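Reviewing the structure listed below.
Protein chains: 2
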Amino acid sequence: MRIVVLGAGMVGSAIAEDLAQEQGMSVVVVDRSQKVLEKVKAKAAVEGIQANLQDKGIISSIVADSDLVISAVPGFIGFHTLQGVIAAGKDVVDISFFSEEPFLLDELAKSQEVTAVVDCGVAPGLCNIIAGHVFDLLDQTDQYVCYVGGLPLLRQWPFEYKAVFSPLDVLEEYIRPARFVENSKEVVRPALSEIELIDFPEVGTLEAFNTDGLRTLRTTLDIPFMREKTLRYPGHANVVRIFRESGFLSTKPIEVDGQKIKPISVTSKLLFDQWRLKEDEADFTVMQIVMEGQREGKRLRYTYYLLDRYDEETRTTSMARTTGYTCSIVARQIMSGHFKQKGICPPEFIGRVQGCYENLLDEYRKRDIRLIEKIVEHGKGSKE
Amino acid sequence: MRIVVLGAGMVGSAIAEDLAQEQGMSVVVVDRSQKVLEKVKAKAAVEGIQANLQDKGIISSIVADSDLVISAVPGFIGFHTLQGVIAAGKDVVDISFFSEEPFLLDELAKSQEVTAVVDCGVAPGLCNIIAGHVFDLLDQTDQYVCYVGGLPLLRQWPFEYKAVFSPLDVLEEYIRPARFVENSKEVVRPALSEIELIDFPEVGTLEAFNTDGLRTLRTTLDIPFMREKTLRYPGHANVVRIFRESGFLSTKPIEVDGQKIKPISVTSKLLFDQWRLKEDEADFTVMQIVMEGQREGKRLRYTYYLLDRYDEETRTTSMARTTGYTCSIVARQIMSGHFKQKGICPPEFIGRVQGCYENLLDEYRKRDIRLIEKIVEHGKGSKE
Chain C
1 MRIVVLGAGM VGSAIAEDLA QEQGMSVVVV DRSQKVLEKV KAKAAVEGIQ ANLQDKGIIS
61 SIVADSDLVI SAVPGFIGFH TLQGVIAAGK DVVDISFFSE EPFLLDELAK SQEVTAVVDC
121 GVAPGLCNII AGHVFDLLDQ TDQYVCYVGG LPLLRQWPFE YKAVFSPLDV LEEYIRPARF
181 VENSKEVVRP ALSEIELIDF PEVGTLEAFN TDGLRTLRTT LDIPFMREKT LRYPGHANVV
241 RIFRESGFLS TKPIEVDGQK IKPISVTSKL LFDQWRLKED EADFTVMQIV MEGQREGKRL
301 RYTYYLLDRY DEETRTTSMA RTTGYTCSIV ARQIMSGHFK QKGICPPEFI GRVQGCYENL
361 LDEYRKRDIR LIEKIVEHGK GSKE
Chain F
385 MRIVVLGAGM VGSAIAEDLA QEQGMSVVVV DRSQKVLEKV KAKAAVEGIQ ANLQDKGIIS
445 SIVADSDLVI SAVPGFIGFH TLQGVIAAGK DVVDISFFSE EPFLLDELAK SQEVTAVVDC
505 GVAPGLCNII AGHVFDLLDQ TDQYVCYVGG LPLLRQWPFE YKAVFSPLDV LEEYIRPARF
565 VENSKEVVRP ALSEIELIDF PEVGTLEAFN TDGLRTLRTT LDIPFMREKT LRYPGHANVV
625 RIFRESGFLS TKPIEVDGQK IKPISVTSKL LFDQWRLKED EADFTVMQIV MEGQREGKRL
685 RYTYYLLDRY DEETRTTSMA RTTGYTCSIV ARQIMSGHFK QKGICPPEFI GRVQGCYENL
745 LDEYRKRDIR LIEKIVEHGK GSKE
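In the order they appear, the protein sequences are chains C and F.
Residue numbering for the first sequence follows our numbering, beginning at 1 and increasing consecutively.
Residue numbering for the second sequence follows our numbering, beginning at 385 and increasing consecutively.
Here is the structure:
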């Protein structure tokens, strides 16, 4: 089997390394930067192709002789890249987290008889798979609540945060209103609102606040109450709110010293270095999902808890592990024929296919990713 | 007597109004803006001249037939304006708070036989007068510590601060290292450092932190320990530190979207409206000075406490009252011949002239400015 991985950033390279360990798997990595390619090639038996994926017609030629494509490109070229891969008739797993509506490509994917899994990381990604899995276990699902965050181990004043993406992407999450579902209706809350403090095992107290993270889940599953909140060290949201409310995240140009400039561009530039996860800097990922509903007259609560840490041995960040391995495991499920639905498939579709979730857990275990599942029946006195 | 007031901003207009109430005093106000001039003329019997003081040769012709000049221009043209007035041979009181070294004009002022009082507001200004006054009362002064701040009555998240000057001037105070005197030697501390909480009567808890506010006092009075700290509502300094430490107060241009821009220019622009004291917004001024030393073998502590509020009747800010009235009272002391020292005179020189301090207090009282003085002898069991 031949796999083409588009983009060799932190996550793309983790995916390539993971897939290259498989017998009979030939992995080609494509990136704009030769330096980045050399780094991946030093760690894993992969082929490297230097190319700018924004060049016209390049995607179809690059993916031509592949059995499956992984798109790990930056979000702003994600949609265009996915469209190119689907048009070339290749199955694809996407973790570019582009902001466009993925179902706009559904018709194209179906006509090309292509399986195109989007948002296939940890959140979105793993949380969608869990949502789909539990949704099918229950006769009726009443609630889905997800708390998730990727954090640096070292807390550094004043932001106590490092981004594995560009600060601009993170800042945009802090501006965009958060869309949730309440009583089966969409409700909109400001980003960074409803800050609450929550204790997590082995982690301590974090703060959770509203962000627009539900994505496809808002429309693909019929659950009357759905919410996702982002986790950070306590205090982070308030510091960002100070910047936002003072106009520093504004996208409206202002005139400064005779030049027109977007405040958010200045802010993003200044925060870039401070927010960058440094080489070999340890991070961790924490995610808690609570789903409630009924099965055969019983009220059940499913709780999932993921705590994953930086891998010192392979020097792989937890963000790359949880995002990348979810993607590479799903890629295998497609290649093995385990998941074969055609069209645009958000990961909740995978969770609804018998055995896919269980296989994911098995593969996680091999990679030392711990996901704890707890099922409690209401009124049975069982304590969590 | 004919007085020319250069600059009709918040403070300049308060000075003009105060002087115009005096019998036999003719007041001319000069400003670039006709609108600003009309506003002053509506409130007081003054003459208005519209002029740009940066025009070559204009200062000498404007001050030609005056007995005394007040310079209440913006700081960045303060030094140049003062130089012009001294060159024209006119006594002058300056509250432009320019950043240049005033004694550079000392020789010129002496050769012109001109009295040029600089920094003649509240701090610098009143605090210097007190310092000079107490310095002469004591045989030996050991310590001078001043806490001072001008604050809005209304606390508004996140800065809880309003500036009566341009935000850029305030931000520069938050960058410039603070120079103090310890053991008769200059020590330098970062601005915004050593934040402490202090309770003030009728005000509550404020925070005090280091800023570079001693100005001429560092060199004119031989006191081995001297410090000035700025007062704000608790939390302000930390918010500003977040901006400063993240590079938002940097004067070094960065490249953003292909343009070179100074971060501090963007920050100043964004904060301008948030930090502007709104029309009829109430403010207050609080200042506490503690001086210690010996006289005739006794250890004495002098404490001064000023709390001044916005005047609702005349709609005059406390900042304009305390700064402007100190200036207009000192102007009277010069015109009456009470203070006649030639050359550049920081206000501590006025405090050292018999009767000037007492006259200032009398005039303050008429304007309802309350300065509380307390003298305590050490070891006498007297509690403050």
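Quick reminder that beta carbons are idealized off the backbone N, C-alpha and C, glycines included.
Just so it is clear, the structure is predicted and the values come from calculations on it, not from any experiment.
- Message: I'd like to know if F:Asp402 contacts chain C, where contact means its C-beta is closer than 9 Å to some C-beta of that chain.
- Response: no
- Among all the DSSP beta bridges, which residues are the ones paired with F:Tyr531? F:Lys613, F:Gln672
- Message: Short of 6 Å in beta carbon distance, which residues of its chain neighbour C:Glu47, apart from the five on each side in sequence? Order them along the chain.
- Response: Val28
- Using the Cα positions of C:Ala391 and C:Ala64, report the straight-line distance between them to the nearest angstrom. Since the first residue shown for chain C is 1 and the last is 384, residue 391 of chain C is missing from the structure and cannot be characterised.
- Query: In three-state DSSP terms, what is C:Phe97?
  - Reply: coil
- Task: Could you check the C-alpha separation between F:Leu654 and C:Val85 for me, to the nearest Å?
- Result: 44 Å
- Is there at least one Cβ from chain F nearer than 9 Å to C:Thr267's Cβ? yes
- Query: Using the beta-carbon count (16 or more within 10 Å), is C:Cys120 buried or exposed?
  - Reply: buried
- Taking the CB atoms as reference points, tell me whether F:Thr698 and F:Glu406 lie closer together than 9 Å. no
- Query: Which chain F residues are close to C:Asp257, counting only those with a beta carbon under 8 Å from its beta carbon?
  - Reply: Ile645, Lys646, Ser649
- Task: Look at F:Val529 and F:Thr600 and say whether their C-beta atoms are less than 9 Å apart.
- Result: no
- Message: Between the alpha carbons of C:Asp136 and C:Leu300, how many angstroms are there, rounded?
- Response: 13 Å
- With a threshold of 16 other CB atoms inside 10 Å of the CB of C:Phe272, please say whether the residue is buried or exposed. exposed
- Message: Can you check whether the C-beta of F:Glu629 is within less than 9 Å of a C-beta belonging to chain C?
- Response: yes
- When you compare only the Cα positions, how much space is there between F:Pro618 and C:Val330? 52 Å
- Task: Could you tell me how far apart the beta carbons of C:Val181 and C:Met226 are, in whole angstroms, since I believe they sit closer than 8 Å?
- Result: 4 Å
- Starting from F:Lys569, follow its DSSP beta bridges and name the residues at the other end. F:Glu566
- Message: Can you confirm whether the segment 632-642 of chain F touches the segment 530-543 of chain F when touching is taken to mean that 3 or more C-beta pairs between the two stretches lie within less than 8 Å?
- Response: no
- Query: What is the DSSP secondary structure of F:Arg754, counted as helix, strand or coil?
  - Reply: coil
- Query: Between the beta-carbon of F:Ser450 and the beta-carbon of F:Val388, is there less than 9 Å?
  - Reply: yes
- Query: According to DSSP, is F:Tyr741 helix, strand or coil?
  - Reply: helix
- Task: Determine the DSSP secondary structure at F:Ala592, reduced to helix, strand or coil.
- Result: strand
- Reducing DSSP to helix, strand and coil, say where F:Ile713 ends up. helix
- The beta strand (DSSP E) spanning F:Glu580 covers which residue range? 580-584
- Is F:Arg563 close to chain C, meaning its C-beta is less than 9 Å from at least one C-beta of that chain? no
- Message: Extract the residue ranges of the alpha helix (DSSP H) inside the segment 100-171 of chain C, only unbroken runs of 4 or more that lie entirely within it.
- Response: 106-111, 126-137
- Query: Along chain C, in chain order, which residues have C-beta atoms closer than 7 Å to that of F:Val623?
  - Reply: Ile242
- Query: Considering only residues of the segment 1-35 of chain C, which uninterrupted alpha helix (DSSP H) runs meet the minimum length of 4 residues and lie entirely inside it, listed in chain order?
  - Reply: 10-20
- Anything in chain F within Cβ reach of C:Phe248, meaning under 9 Å, just list it in chain order. Phe627, Phe632, Val650, Thr651, Leu654
- Between the segment 521-537 of chain F and chain C, which residues of the former have CB atoms less than 7 Å from a CB of the latter, in chain order? none
- Message: Between which residues of its own chain and F:Gly516 is the CB-CB distance below 6 Å, once the five residues before and five after are set aside?
- Response: Glu732, Gly735, Arg736
- Message: Cβ closer than 8 Å: which chain F residues qualify as neighbours of C:Ile254?
- Response: Val650, Lys653, Leu654
- Message: In the DSSP assignment, the beta strand (DSSP E) including F:Val640 goes from what residue to what residue?
- Response: 638-640
- Task: Check the DSSP bridge columns for C:Ser268 and list the partner residues they point to.
- Result: Its beta-bridge partners do not exist; DSSP assigns none.
- Task: Could you tell me whether the Cβ of C:Pro158 comes closer than 9 Å to any Cβ of chain F?
- Result: yes
- Message: Could you pull the DSSP bridge partners for F:Ser455 from this structure?
- Response: F:Leu390, F:Asp478
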